[in-house]
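Take a look at the structure set out below.
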Amino acid sequence: MNKKIISIAVASAMVLLGALAYFVYNGHSSASPADVEVPISAQVVTQPLKQGMLTSTLTAFGDVSPEHTVALSSANPVQITQLLVVQGQSVNKGSPLALLRSDPAAVLSYQQAQSANNLAQAELKRIKELLGLQMATQSQLDTAQKNAQDAQASLTAQQKLGGGTASTTLLAPATGVVLVLTAAQGDRIAAGAPIMQFGGTDSLKVLLGIDPSNRATINKGSRVTLAPLSNPTQTTKASVSEVQNLLDPKTQLINVVVKLNDAAARRFIPGMRVRAEIATGEQEAYQVPRQAVLSDDQGSYVFQIKQHKAVRVNVRSLIDNGATLGVSGKLDPAAPLVVQGNYELKDAMLVRESKP
């Protein structure tokens with residue numbers, strides 16, 4: 000009886016062990032793919048690392064203006080009877096700009112001087128005739144000659160003051176543009192007072208404003224790339240003609256003068272706003288796009304790819320010329336440089352590369 004009970008117990012234990020082994024085996028073999036750890040990787044864009052001479056530049060803004068400007072005026076008091084131009088109008092050399100009428104007071108003074116001169120000359124002639132007839136003295140002749148000379152001098156002076164000309168025409172001194180009209184039609188203008196500001200367009204210049212702290216980095220002859228703000232892709236090469244050593248009282252900046260040659264001047268007009276990139280120096284460095292350089296508490300760094308893994312390399316910025324930075328560091332010239340997707344990377348992270 001006892002043997003039978005023991006046999007039943009052993010058989011039951013064997014059945015339980017078999018069932019347990021079955022469930023354990025099936026549980027491991029049916030594990031889902033999600034339970035398997037897959038390495039994390041990032042998609043990045045790379046490009047070959049370049050090394051060479053890089054030019055550092057300084058960005059500045061300014062205005063185009065005529066190299067030579069002049070205030071046009073009249074040497075005599077006049078009244079503007081007609082303005083023949085408007086502000087901003089281009090004219091050729093010798094073109095009429097305004098019709099001027101002499102001041103009435105100056106005309107009257109001239110007429111009075113002319114009348115006095117005629118009288119003095121007639122009196123001198125009469126005294127000479129009387130002297131020939133021995134009816135006048137030498138003293139009378141001397142007095143008549145002096146009066147005639149004084150009258151002629153007065154007439155000449157009044158003529159220089161514009162009284163001898165009823166009207167005059169103000170002419171353009173050169174081919175250029177009317178920059179500013181400082182008087183209006185009908186105005187009475189004093190002698191020497193400006194009627195308009197005129198600029199010759201045969202030669203143009205650009206006045207660029209720079210911060211005083213950058214004065215030492217720019218010299219006469221430094222290369223400049225100019226572009227109108229309205230058309231940044233239209234660039235023109237030029238060079239610095241002068242670096243002024245005086246602060247502009249309006250802008251508190253130092254003016255840098257860039258003269259434009261004939262070919263370059265055709266692309267610009269007075270008053271145009273321009274952007275300039277001024278070369279301030281050259282240095283050999285690794286050339287990397289600005290977006291490839293990241294920064295954290297440890298400083299600036301980039302990522303290169305080695306064996307399909309991201310490798311962090313600390314760098315130091317040497318030159319900044321806008322879109323491209325010149326850097327130094329323990330970079331591998333043979334390893335590709337990450338230029339996009341670097342914000343997601345960590346050191347030693349797997350990557351999937353693509354070319355730009």
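Residue numbers (numbering that gives the first Met the number 0): 0 to 355. Using N, Cα and C, we set each Cβ at its ideal position, and we do this for glycine too. Since the model is a prediction, treat every value here as computed from it, not as a measurement.
Beta-carbon spacing of residue i, residue j below 8 Å
i, j, result
"Val-106", "Ala-165", "yes"
"Val-205", "Val-273", "yes"
"Leu-57", "Thr-224", "no"
"Ala-357", "Ile-126", "An answer regarding residue 357 cannot be provided, because it is not within the stretch 0 to 355 covered by the chain."
"Ser-299", "Val-44", "no"
"Leu-180", "Leu-71", "no"
"Gln-50", "Tyr-342", "no"
"Gly-198", "Pro-269", "yes"
"Gln-46", "Leu-336", "yes"
"Ser-73", "Leu-99", "yes"
"Ile-79", "Gly-191", "no"
"His-307", "Leu-246", "no"
"Gly-328", "Val-314", "yes"
"Ala-263", "Ala-237", "yes"
Proximity winner among the options, relative to residue i (alpha-carbon distances)
i, options, result
"Ile-277", "Val-242, Ile-268, Gln-144, Lys-305", "Val-242"
"Val-312", "Asp-331, Gln-282, Gln-339, Phe-267", "Asp-331"
"Met-271", "Gly-325, Gly-87, Pro-47, Lys-49", "Gly-87"
"Ala-59", "Gln-184, Ala-152, Ile-253", "Ile-253"
"Pro-76", "Pro-65, Phe-267, Ile-194, Ala-284", "Ile-194"
"Glu-281", "Gln-158, Ala-192, Ile-217", "Ile-217"
"Ser-202", "Asn-260, Ala-190, Ser-153", "Asn-260"
"Gly-220", "Lys-329, Asp-295, Leu-228, Val-239", "Val-239"
"Met-52", "Gln-157, Ala-334, Asn-320, Arg-351", "Asn-320"
"Gln-111", "Thr-250, Ala-182, Leu-154", "Leu-154"
"Ser-294", "Glu-283, Ala-322, Ser-316", "Ser-316"
"Asp-62", "Lys-305, Gln-133, Thr-250", "Thr-250"
"Leu-228", "Gly-93, Phe-267, Gln-120", "Phe-267"
"Ala-182", "Ala-322, Val-85, Asn-213, Val-301", "Val-85"
"Glu-122", "Gly-93, Lys-236, Ala-143", "Ala-143"
"Asp-210", "Val-255, Ala-189, Thr-235, Asn-230", "Val-255"
Three-way DSSP call (helix, strand, coil) for residue i in this model
i, result
"Ser-212", "helix"
"Pro-231", "coil"
"Asp-261", "helix"
"Ser-238", "strand"
"Asn-341", "helix"
"Gln-290", "helix"
"Ile-277", "strand"
"Asn-254", "strand"
"Pro-193", "strand"
"Ile-39", "coil"
"Arg-315", "strand"
"Leu-245", "strand"
"Leu-207", "strand"
"Glu-352", "strand"
"Ala-183", "coil"
"Arg-266", "coil"
"Thr-174", "coil"
"Met-271", "coil"
"Ile-304", "strand"
"Ile-188", "strand"
"Gly-220", "coil"
"Gly-321", "coil"
Between the CA atoms of residue j and residue i - distance to the nearest angstrom
i, j, result
"Lys-345", "Gln-303", "11 Å"
"Val-257", "Thr-174", "21 Å"
"Ser-101", "Pro-95", "17 Å"
"Gly-26", "Pro-38", "Residue placement at Gly-26 cannot be trusted, given a pLDDT of 48 that sits under 50; what the coordinates show is reported in the next sentence. If I take the Cα positions, the gap works out to 24 Å."
"Ile-318", "Thr-68", "39 Å"
"Leu-178", "Gln-233", "25 Å"
"Thr-200", "Arg-265", "9 Å"
"Gln-196", "Ala-171", "11 Å"
"Gly-340", "Thr-54", "27 Å"
"Val-326", "Val-292", "9 Å"
"Leu-324", "Arg-289", "6 Å"
"Gln-81", "Gln-139", "51 Å"
"Leu-117", "Asp-149", "Checking the sequence, you will find Asn at residue 117 rather than Leu. Those two C-alpha atoms are separated by around 12 Å."
"Asp-296", "Glu-66", "51 Å"
"Ala-215", "Pro-248", "20 Å"
**Every unbroken alpha helix (DSSP H) inside the stretch 134-166 [4 residues or more]** = 137-159
**Request:** Would you list, in sequence order, the uninterrupted beta strand (DSSP E) runs of no fewer than 3 residues that lie entirely inside the stretch 56-143?
**Result:** 68-72, 77-82, 95-101
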